[in-house]
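Student:
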Amino acid sequence: MAIKKHYLDELEKRRAAAIVGGGEDKLEARRKKGIFTARDRIAELFTAGSFQEWGMHADHDCSHFGLEDKVFLTDGVVTGIGTMEGRTIAAFSQDFTVCGGSLGRIHAKKICNLMDYALKVGCPVVAFNDSGGARIQEGDDSLSGYGQVFFRNVLVSGVVPQIAVIAGPCAGGAAYSPALMDFIIMVKGSSQMFICGPEVIQAVTGQKCTMDEIGSPLAHASVSGNIHFVAENDADAVRLVKKLLSFLPSNNVMDPPHQFPAQMDLSPDLELEKLVPETAKEPMDVLKVILRIVDQGDFLEVQKDWAKNIVVGFARIQGMVTGIIANQPAVKAGTLDIDSADKAARFIRFCNVFNIPLVTLVDVPGFMPGVAQERGGIIRHGAKMLFAYAAATVPKITIILRKAYGGAYLAMCSSDMGADVVYAWPTAEIAVMGAEGAVKVLFRREITGAKDPKAKEAELVADYREKFCSPYEAAKKAMITDVIRPSETRATIAMALRSTLSKRETRPAKKHGTIPL
Ligand code: HXC
């Protein structure tokens, strides 16, 4: 007794046909250009042999005009489940060699089936986008397919992490599926993402532009802020996916993958004290501070080329996964503006929904002054940040390094805005506004009437700074938890994380707040 050979032959024949997608020639042509195929991307992501493909024998909906006699095995997308470093991941990878990776009805159904499963089992979704967009021959069936995918992106949002890799074209409405996900990685050289391309823009508006200006990884990483990471090539994109996932839980009811050491290292780090400039006027590169605080200097900076006046990213501190938000005084003096507020607010909300504690490093002179900022809606954008911090119920640990002025002090997770603990360096200046500005408002007459106005102003500034900005003033009023030496920062954060990880906070039940988007 044994299964008849022809059954197995037929299966193997079908498997072999599906695996070559649009044909060996097309696959080879991509590889020659140094571009991965859809299956190469899947193979790079998963532990060898762990990928279980779904829908390998799918074909397109043949009822459409011009497609009746065609075969599109897999319907242009490889979907399935596999393991990566022991964790279950759902992934789909569009196959450009099959009808340009275009999205038809069955292609969409395969993606939706996968996302429904990811939602049920609570595993992250990784999407490799490489597609000509809606399959034109399938008309509104493909439009409807996109709608169903977008709906799943939103359903899954906040339950499991979603990571999109843009590895080829991603144009028009198709760009909204990655845009609805949590992180977007674009691959240098082979990817573009745009709603309207240069030809359409010129035809409609008369404006001339290049694809590089509107749709390249560089444009999205540094100008539009639409994406989070740029990869050098396909392999690097997968490396970034893995790195990112190493900090994330598989779903919103799990803790992130902390790696508690047997014994915490609470020794002081004297190098940190050397990083603090002698005067408040000299900027301090906060990245250097972050790298000394986090384990092995291993910091995954998110959106590092956009809104650089704020730094956000993932790291571990004594093994505990944290989301770090820090003003960067080396850029725009560390002021908060429209883009940096958007960047921080989104990151804070992501961390909150996936149980990742927040560590905030404050050195902020205020919100950025300017007509463009006011007219651009800095009030609305800054409010997002205030909202995101106040609404976050994960552990919130704030360290005030130097300046913490006015509304920006509140926006950087002060105790009044719900921080669990707030520590300040002795160099911290916590005040309703900077000493120079305050003195100008309060003592204009005294300064102009003085024999030596400059000396008088300097004297008043020093006096104001000591009386009103000192961290000990804030400590007196119990606005901060304690004043610490910079060398104690790493140990202080580690201890605070350890004690706040068990934090549970309940808020009034509601559908959702109305964040000023
Ligand atoms: C059907 C498509 C297709 C599509 C590509 N192909 N895009 N078939 N529907 N959308 C097919 C091509 O006909 C070709 O088939 C094969 O895929 C490879 O395409 P090429 O054009 O040869 O490749 P390349 O020169 O690399 O150009 C890639 C491209 C171009 C820039 C993406 O194919 C392109 O402009 N495609 C159309 C893009 C588009 O207009 N999409 C629809 C947008 S509307 P053969 O058989 O010759 O190999 C939309 C609305 C979505 O997306 C709304 C959702 C909300």
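Mapping of the sequence shown onto our numbering: residues 281 to 797, in sequence order.
Here a beta-carbon is modelled for each residue, glycine too, at the ideal position from N, C-alpha and C.
(1) DSSP beta-bridge partners for R367?
(2) How would you label Y752, buried or exposed, when you count the other beta carbons within 10 angstroms and need 16 or more for buried?
(3) Return yes when the C-beta of Y456 is under 7 Å from any heavy atom of the ligand HXC, and no when it is not.
(4) For V480, count the other beta carbons within 10 Å of its own beta carbon; 16 or more makes it buried, fewer makes it exposed. Which is it?
(5) Within 10 Å of its beta-carbon, does I590 have 16 or more other beta-carbons around it, so buried, or fewer, so exposed?
(6) Below 8 Å on the Cβ atoms is my guess for A708 versus L666; work out the distance and round it to an integer in Å.
(7) Report yes if the C-beta distance between H538 and G453 is below 8 Å; otherwise report no.
(8) Whole angstroms is fine: what's the gap from R367's alpha carbon to A691's?
(9) Write down every uninterrupted run of the alpha helix (DSSP H) in the region 716-759 whose length is 4 residues or greater and which is fully enclosed by it, in chain order.
(10) If the criterion is Cβ atoms closer than 8 Å, does the pair R770 and I475 meet it?
(11) Note down the Cα distance separating G335 from G303, rounded to an integer number of angstroms.
(12) Check the C-beta distance from M798 over to H500 and give it rounded, since I have them as a contact under 8 Å.
(13) How about the region 519-535 and the region 632-641: do they share at least three Cβ pairs that are nearer than 8 Å?
(14) Between G412 and the rest of its own chain, which residues show a CB-CB distance below 7 Å, the 5 nearest in sequence each way excluded?
(15) Anyone know if the C-beta pair for M648 and P609 falls short of 8 Å?
(16) For the structure I just gave you, are there three or more beta carbon pairs, one from the region 692-712 and one from the region 666-678, closer than 8 Å?
(17) Quick one, which of K390, S373, D396, Q428 has its alpha-carbon nearest I446's?
(18) Using 7 Å as the cut-off, classify the Cβ of L460 as near or not near the heavy atoms of the ligand HXC, replying yes or no.
(19) Do R432 and C392 have their CB atoms nearer than 8 Å?
(20) With F408 as the anchor, note down where its beta strand (DSSP E) starts and where it stops.
(21) Buried or exposed: Y287, going by 16 or more other Cβ atoms within 10 Å of its Cβ?
(22) How about K736 and E726: are their beta carbons less than 8 Å apart?
(23) Assuming contact is defined by CB atoms lying nearer than 8 Å, are D375 and V358 in contact in what I supplied?
(24) Return the bridge partner residues of N393 from the DSSP annotation.
(25) Pull up the DSSP beta-bridge partners for L580, would you.
(26) In terms of alpha-carbon separation, which member of A371, K293, G346, D396 lies closest to H337?
(27) Per DSSP, which residues does D762 bridge with? Please list them.
(28) In terms of residue numbering, what span does the alpha helix (DSSP H) encompassing A613 cover?
(29) Could you name the residues of the same chain whose beta carbon sits closer than 7 Å to that of W586, not counting the 5 residues immediately before and after it, in chain order?
(30) Using the DSSP secondary-structure output, state which residues sit across from N607 in a beta bridge.
(31) How about V439 and L399: are their beta carbons less than 8 Å apart?
(32) So does the region 313-327 actually touch the region 512-523, counting three or more Cβ pairs closer than 8 Å?
(33) Alpha carbon to alpha carbon, how far is K720 from V592?
(34) Can you look up L383 in the DSSP assignment and give me helix, strand or coil?
Tutor: The answer reads as follows:
(1) Residue 367 sits at position 87 when you count from the first residue of the sequence shown. Its beta-bridge partners are M364.
(2) What you label residue 752 is simply residue 472 of the sequence shown in a count that begins at 1. Label assigned to Y752: exposed.
(3) Taking the sequence shown and counting its residues from 1, the one referred to as residue 456 is at position 176. Flag set: Cβ of Y456 near the ligand HXC.
(4) Residue 480 sits at position 200 when you count from the first residue of the sequence shown. Classification for V480: exposed.
(5) Residue numbering aside, residue 590 sits at position 310 when the sequence shown is read from its first letter. I590 is buried by the Cβ-count criterion.
(6) Counting from one through the sequence shown, the residue named residue 708 turns up at place 428. Counting from one through the sequence shown, the residue named residue 666 turns up at place 386. A708 to L666, Cβ: 20 Å. No contact.
(7) The residue labelled residue 538 in the question sits at position 258 within the sequence shown. The residue labelled residue 453 in the question sits at position 173 within the sequence shown. Against a cut-off of 8 Å, the Cβ pair of G453 and H538 comes out as no contact.
(8) Looking up residue 367 in the sequence shown gives position 87. Looking up residue 691 in the sequence shown gives position 411. Straight-line Cα distance between these residues: approximately 36 Å.
(9) 724-729, 733-744, 751-756
(10) As a position in the sequence shown, residue 770 is number 490, starting the count at 1. As a position in the sequence shown, residue 475 is number 195, starting the count at 1. No, these two residues do not count as a Cβ contact at 8 Å.
(11) Within the sequence shown, the letter at position 55 stands for residue 335. Within the sequence shown, the letter at position 23 stands for residue 303. So the two alpha carbons sit approximately 18 Å from each other.
(12) Nothing in the structure corresponds to residue 798, since the chain is present only between 281 and 797.
(13) yes
(14) Indexing the sequence shown from 1 puts residue 412 at position 132. Correct list, in chain order: G380, G381, S382, P449.
(15) Residue 648 sits at position 368 when you count from the first residue of the sequence shown. Residue 609 sits at position 329 when you count from the first residue of the sequence shown. No. Outside cutoff.
(16) yes
(17) Here residue 446 refers to the residue found at position 166 when the sequence shown is read from its first residue. Selected option, being the one with the closest Cα: S373.
(18) On the sequence shown, residue 460 is found 180 positions in, with the first residue counted as 1. Incorrect: L460 has no Cβ contact closer than 7 Å to the ligand HXC.
(19) Sequence index remark: in the sequence shown, residue 432 carries index 152 (1-based). Sequence index remark: in the sequence shown, residue 392 carries index 112 (1-based). The answer is yes: Cβ separation under 8 Å.
(20) Residue 408 sits at position 128 when you count from the first residue of the sequence shown. Looking at the DSSP string, the run of the beta strand (DSSP E) that includes F408 is 405-409.
(21) Here residue 287 is taken as the residue at index 7 of the sequence shown, counted from 1. The residue is exposed, with fewer than 16 neighbouring Cβ atoms inside 10 Å.
(22) Position 456 of the sequence shown, counted from the start, is the residue given in the question as residue 736. Position 446 of the sequence shown, counted from the start, is the residue given in the question as residue 726. Yes. Within cutoff.
(23) Along the sequence shown, one-based indexing puts residue 375 at 95. Along the sequence shown, one-based indexing puts residue 358 at 78. Yes, Cβ-Cβ distance for D375 and V358 is below 8 Å.
(24) For the purposes of this step, residue 393 is identified with residue 113 of the sequence shown, where counting begins at 1. Its beta-bridge partners do not exist; DSSP assigns none.
(25) Here residue 580 is taken as the residue at index 300 of the sequence shown, counted from 1. Paired residue(s): F594.
(26) Residue numbering aside, residue 337 sits at position 57 when the sequence shown is read from its first letter. For H337, the nearest C-alpha among the options comes from K293.
(27) Counted from its first residue, the sequence shown places residue 762 at position 482. D762 pairs with Y703.
(28) Taking the sequence shown and counting its residues from 1, the one referred to as residue 613 is at position 333. Element bounds for A613: n/a, residue is neither H nor E.
(29) The residue you call residue 586 lines up with position 306 of the sequence shown. Result list for W586: A501, S502, G505, D619, K623, in chain order.
(30) Stepping through the sequence shown from its first residue, residue 607 is reached at position 327. Answer is I590.
(31) Numbered from 1 along the sequence shown, position 159 holds the residue referred to as residue 439. Numbered from 1 along the sequence shown, position 119 holds the residue referred to as residue 399. A contact, by the Cβ cut-off of 8 Å.
(32) yes
(33) Within the sequence shown, the letter at position 440 stands for residue 720. Within the sequence shown, the letter at position 312 stands for residue 592. Cα-Cα distance, rounded: 34 Å.
(34) Taking the first residue of the sequence shown as 1, we reach residue 383 at position 103. It is a strand residue.
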